[in-house]
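Engineer: Below: one structure in structure tokens.
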Amino acid sequence: MIIKVSANKPSFKTTEFTNGFNVVWADRKKESAQKESRNGLGKSTLIEIIHFCLGSSTKSALQLKPLKGWKFSLQIKIQNQTIEVTRAIDDPGFVQVNANTSSWPLLPKIKDGSETYTIKQWTQILGSLCFGLSLENEDQKYKPSFRSLISYFIRRTKDAFSVPFEFFKRQNEWDKQTHNAFLLNLSWEHAVKTQELKDQKTGLQNFKKAIKLGVIDEFSGSLGDLEARKIRIKAQVEQDEKDLREFKVYPQYVQLREEVDFLTQEIHKEVNANMVDHRLLSHYKQNLSSENLPVIANIEQLYKDAGISLPGITLRRLEDVKTFHDNIMHNRKEFLATEIRRIKTELSKREDSLKIKSSEKDAKMRILSTHGALEEYTLLNTRHLNKVRKLNEITAMVENIKSFNNKLSSVKIDQEVLQQETRRDYDERQEIREKAITLFNSYSEFLYQAPGKLVLDVGPTGFKFNIEIERSGSTGINNMKIFCYDLMLATLWAQRVPSPRVLMHDSNIFDGVDERQRSLALQLAARESNTYNFQYICTLNSDNIPWNEFASDFKIEDFIRLRLTDEGIGSCLLGVRF
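Just so you know, we're using my numbering here: the sequence shown kicks off at 4 and counts up by one.
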């Protein structure tokens, strides 16, 4: 319950609240300008201040330059203990607390002479004192938190007035399920487990899809592709192991290999030289067998046929020519015979050399074929280790994919089992559910003479929440769904210990609501908060009050705790313009 809101600046309008029904009144004068100041009169700012002192984000709407140096204090009553908390705009990461903290789950530190908590510690303490939240496993994902729970009791901004089960638009499904299940005293643990199984399933499906699409390097393809690759690499690894076992290192392997290379080059040179000599020898032999002198009679007849008369001197000279050619042919034949003998000798020498060098090369090659160099062994071993590493990776991936497939099946089974467990627990809490549904239905019937329906159910994706009211769809009726739901929660929690024992609504909740329903809602809130001993606070604009619809014994002026007007700067909440 909120007792008092104050600040360290004298211009601030300190506000005190009581148990039961409370009104923050915004009175707009006719002669005032339509927009007197940027921050309005301060109704929404008051809610922001309360949230600020209750540990809202350091990125608060109050983090404005004109508010530099401001400190806001909130006096609250929890479990019959009065607590005052102060939080500075300039140092929003900490709060100063004035209370008996000896029994609290966390003890404060002394800072500047005051008992101080970090914002995280402060919200943990509030979660314990207001809702009985445990500080164990505080970092557990999807666990209910004070900041989320209190946002259903003190809604802020227009986005909070869209859906009863959300305090901001597009709230995560797990957030809605977990916190509403907690508030309705259903098994919120099942909601958490449902989301965890969803995460597992989504993660497994995304990973499997990534493998299939080849996003994960080296492991693209199906399970069958990986199995085939595994078999192929395994065979290579086994062959490498055999080769390494049989590998013999020859100490002078490199020198021996160089000698073999030299012999190979020499053998190639001699073989090439033999080929050249064999062709030359064949050419010489052919020339030797075809060498013949021209016949003189043939030459003489040639001249006669040409009609040329040859005197005796000419014939004598032909004899000289014949003698000359005989000498040339004799010398040529001697040359060819000599060259043939020389070539045959060279060929014979090379053949002997080739036999010796080939024999020496063969001997060295036999050594090379059964031994290897240390460098080759190292390289072979390195390649083998790389293949072993890849084989291990693929083997692990194959096992992981099989495990993923099994896990997917297991998750589906777990989801089904969890749904059955949730359903059993849901059925066992029938009395609790009926109490909540009955309260909501009675509130909606009070406003519209026709009971609405609070629908609570369990499905494959967890808890399902819905509200149905006849003529639903207009802004006003949708807002009244939220009003009835919130009032039901406040009433239920007022009967529990611990409890925040507070419900606060901004004037936004009455936007678009018919005058009759507005008056009935306000009177209903006053009645229930008084009956069940909790605090209801609402902010109202004076020009939006359904004066003619109130019961004769309901005097709304009696519940006004703070009056704000647009008459001047000093009449707004902060007393300053920005």
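For every residue, glycine included, the Cβ atom is placed at its ideal position computed from N, Cα and C. On a predicted model such as this, the values are computed, not experimentally measured, just so you know.
Which residues in the same chain as Pro108 place their Cβ atom closer than 8 Å to its Cβ, once the five residues preceding and following it in sequence are excluded?
Structural biologist: Once the five neighbours on either side are set aside, the close Cβ partners of Pro108 are Gln127, Ile128, Ser131, Leu138.
Engineer: Taking a contact to mean a Cβ-Cβ separation below 7 Å, would you say Ala554 touches Tyr539 in this structure?
Structural biologist: In this structure, Tyr539 does not lie closer than 7 Å to Ala554 by Cβ.
Engineer: Quick one: using the 10 Å Cβ neighbour count with 16 as the cut-off for buried, is Ala453 buried or exposed?
Structural biologist: Exposed, because fewer than 16 other Cβ atoms sit within 10 Å of the Cβ of Ala453.
Engineer: Are the CB atoms of Lys179 and Phe168 nearer to each other than 7 Å?
Structural biologist: Going by C-beta atoms, Lys179 is nearer than 7 Å to Phe168.
Engineer: Can you list, in chain order, the residues of its chain with a C-beta nearer than 8 Å to that of Lys38? Leave out the 5 residues immediately preceding and following it.
Structural biologist: Residue confidence is low: Lys38 scores 47 on pLDDT, short of 50, so the model does not pin down where it sits. No coordinate-derived value is stated.
Engineer: Distance check for Lys467 and Leu565, CA to CA, integer angstroms please.
Structural biologist: When rounded, the distance between both Cα atoms is 40 Å.
Engineer: Out of Asp202, Arg335, Glu363, Arg90, which has the shortest C-alpha to C-alpha gap to Thr267?
Structural biologist: Thr267 has its Cα closest to that of Glu363, out of Asp202, Arg335, Glu363, Arg90.
Engineer: For Thr89, does the three-state DSSP call read helix, strand or coil?
Structural biologist: If DSSP states are grouped into helix, strand and coil, Thr89 belongs with the strands.
Engineer: In terms of residues, what are the limits of the beta strand (DSSP E) holding Phe24?
Structural biologist: Looking at the DSSP string, the run of the beta strand (DSSP E) that includes Phe24 is 23 to 30.
Engineer: Along the chain, which unbroken stretches of the alpha helix (DSSP H) at least 4 residues long are found entirely within the region 224 to 285?
Structural biologist: Qualifying alpha helix (DSSP H) stretches, in chain order: 226 to 249.
Engineer: Pull the bridge partners of Gly465 from the DSSP assignment, please.
Structural biologist: Gly462.
Engineer: Flag Ala194 as yes when its Cβ comes closer than 6 Å to any non-hydrogen atom of the ligand NAD, and as no otherwise.
Structural biologist: You won't find the ligand NAD in this model; it holds no ligand whatsoever.
Engineer: Specify, as a first and last residue, the run of the alpha helix (DSSP H) that Gln78 falls within.
Structural biologist: Element bounds for Gln78: not the alpha helix (DSSP H) but the beta strand (DSSP E), 74 to 81.
Engineer: Can you tell me which residues form a DSSP beta bridge with Asn544?
Structural biologist: The partner list for Asn544 (beta bridge, DSSP) reads Ala29.
Engineer: Quick one: residues in its chain with C-beta nearer than 6 Å to the C-beta of Lys172, no 5 flanking neighbours on either side, listed in chain order?
Structural biologist: If we look at Lys172 and ignore the five residues flanking it on each side, its Cβ neighbours are Asp162, Ser165.
Engineer: Mind the definition here: the region 69 to 76 touches the region 4 to 12 only if three or more C-beta pairs lie below 8 Å; say whether that holds.
Structural biologist: These segments touch.
Engineer: Where do the N-terminal and C-terminal ends of the beta strand (DSSP E) with Ile5 fall, by residue?
Structural biologist: It spans 5 to 10 - the beta strand (DSSP E) in which Ile5 sits, taken as one unbroken run.
Engineer: Excluding sequence positions up to five away, which residues of its chain have a Cβ less than 6 Å from the Cβ of Ser574?
Structural biologist: Closer than 6 Å at the Cβ level, and outside the excluded window around Ser574, lie Thr568.
Engineer: Work out the CA separation of Phe513 and Leu459 for me, nearest whole Å.
Structural biologist: Each residue's alpha carbon lies about 26 Å from the other.
Engineer: Return the chain-ordered ranges of every alpha helix (DSSP H) run that is complete within the region 150 to 227 and spans a minimum of 4 residues.
Structural biologist: Within the region 150 to 227, the complete alpha helix (DSSP H) runs of at least 4 residues are 176 to 186, 191 to 216.
Engineer: Can you tell which of Arg159, Phe24, Gln66 has the C-alpha that lies nearest to the C-alpha of Ile50?
Structural biologist: Looking at the Cα atoms, Arg159 is the closest of the given residues.
Engineer: Can you say whether Phe265 is buried or exposed, counting buried as having 16 or more other CB atoms within 10 angstroms of its CB?
Structural biologist: The residue in question, Phe265, is exposed, as its Cβ has fewer than 16 Cβ neighbours within 10 Å.
Engineer: Which term fits Gly455, buried or exposed, when burial requires 16 or more other beta carbons within 10 angstroms of its beta carbon?
Structural biologist: Classification of Gly455: buried, given that the 10 Å Cβ count is 16 or more.
Engineer: Residues bridged to Met507 by DSSP?
Structural biologist: Answer is Ile157, Ile540.
Engineer: Given a threshold of 16 other Cβ atoms within 10 Å of its Cβ, counted over all protein chains shown, does Arg345 qualify as buried or as exposed?
Structural biologist: Arg345 comes out exposed.
Engineer: How big is the Cα-Cα spacing for Ala194 and Gly462?
Structural biologist: Taking the straight line joining both Cα atoms gives about 11 Å.
Engineer: Quick one: Cα of Phe210 to Cα of Leu411, how far?
Structural biologist: Whole-angstrom Cα-Cα distance: 11 Å.
Engineer: Work out the CA separation of Glu262 and Ala340 for me, nearest whole Å.
Structural biologist: Cα to Cα, the separation comes out at about 39 Å.
Engineer: DSSP three-state call for Leu525: helix, strand or coil?
Structural biologist: Looking at Leu525 - three-state DSSP - the assignment turns out to be helix.
Engineer: Touching or not, the region 189 to 205 and the region 394 to 407, by the rule of three or more beta carbon pairs under 8 Å?
Structural biologist: As far as the Cβ criterion goes, the region 189 to 205 does not touch the region 394 to 407, which means the pair count is below three.
Engineer: If you check the beta carbons only, do Thr89 and Gln82 fall under 7 Å apart?
Structural biologist: Result no, Cβ atoms of Thr89 and Gln82 do not sit closer than 7 Å.
Engineer: Let's see if you can read the secondary structure: which residues bound the beta strand (DSSP E) around Glu118?
Structural biologist: Segment 117 to 121, the beta strand (DSSP E) holding Glu118.
Engineer: In angstroms with no decimal places, state the Cα-to-Cα distance between Glu560 and Asp30.
Structural biologist: Glu560 and Asp30: Cα-Cα distance of roughly 12 Å.
Engineer: Under a three-way DSSP split, which group does Thr61 fall into?
Structural biologist: Coil, per DSSP.
Engineer: Within the same chain, show all residues whose beta-carbon is closer than 7 Å to that of Glu531, passing over the 5 residues directly before and after it, in chain order.
Structural biologist: Answer for Glu531: Leu490, Thr494, listed in chain order.
Engineer: Going by Cα to Cα distance, which pick from Phe449, Asp428, Ala102 is closest to Tyr120?
Structural biologist: Ranking the options by Cα distance to Tyr120, first place goes to Ala102.
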